[in-house]
Ligand code: THU
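In the numbering used here, the protein residues as written are 86 to 247.
This is the structure:
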């Protein structure tokens with residue numbers, strides 16, 4: 086038959102906290118700290134994000150829910166939009182995301198939702214430098230993606246608008 090298939094591979098590094106560099110561990114700590122301050126009275130699912138810019142600034146974000154459910158925003162986008170608003174000239178080197186149930190003690194790794202991947206992906210394309218994404222759970226449950234591109238194959242982008 087006449088059709089062909091285009092394949093794209095996605096990969097994640099699975100690692101442990103002790104394997105990470107000091108700055109990565111510190112960024113995880115900042116994301117955990119941010120999760121505690123999440124406003125998530127409806128889901129009780131506390132998500133924290135922390136990103137590091139190329140000049141060493143750390144910006145935190147957490148999920149901000151609302152009684153009108155779709156008006157809320159994920160932790161990742163709160164952090165990214167905050168960074169873009171405050172430091173528009175800076176590149177984002179890395180972002181950590183972590184989560185925990187309100188009543189739990191342990192953190193769990195989550196992968197960003199599609200909308201957050203879309204937003205992170207556009208920032209990544211514009212800055213022409215990959216954003217490292219660290220999804221941090223317990224000690225031995227750390228997942229790393231070297232770029233956002235890796236997590237969002239066949240993405241929509243501004244190239245279609247031209
Ligand atoms: N949430 C995030 O903040 N980031 C994610 O990656 C997944 C989902 C939030 C949205 C909502 O406040 C709660 O988690 C439950 O979906």
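Every residue, glycine too, gets a C-beta built ideally from N, C-alpha and C.
Residue environment analysis places residue 230 among the buried positions, since at least 16 neighbouring C-beta atoms fall within 10 angstroms of its C-beta. In this structure, DSSP gives residue 184 an extended state, which the three-state scheme calls strand.
Assignment of residue 147 by DSSP, reduced to helix, strand and coil, places it in the strand class. In the three-state reduction of the DSSP assignment, residue 245 falls in the helix class.
In this structure, the beta-carbon distance from residue 192 to residue 160 does not fall below 9 angstroms. Per DSSP, residue 135 is not a residue of any alpha helix (DSSP H); the beta strand (DSSP E) it occupies stretches across 130-138.
A straight line joining the alpha-carbon of residue 93 with that of residue 188 spans about 39 angstroms. With contacts defined by Cβ atoms closer than 9 angstroms, residue 184 and residue 223 do not form a contacting pair.
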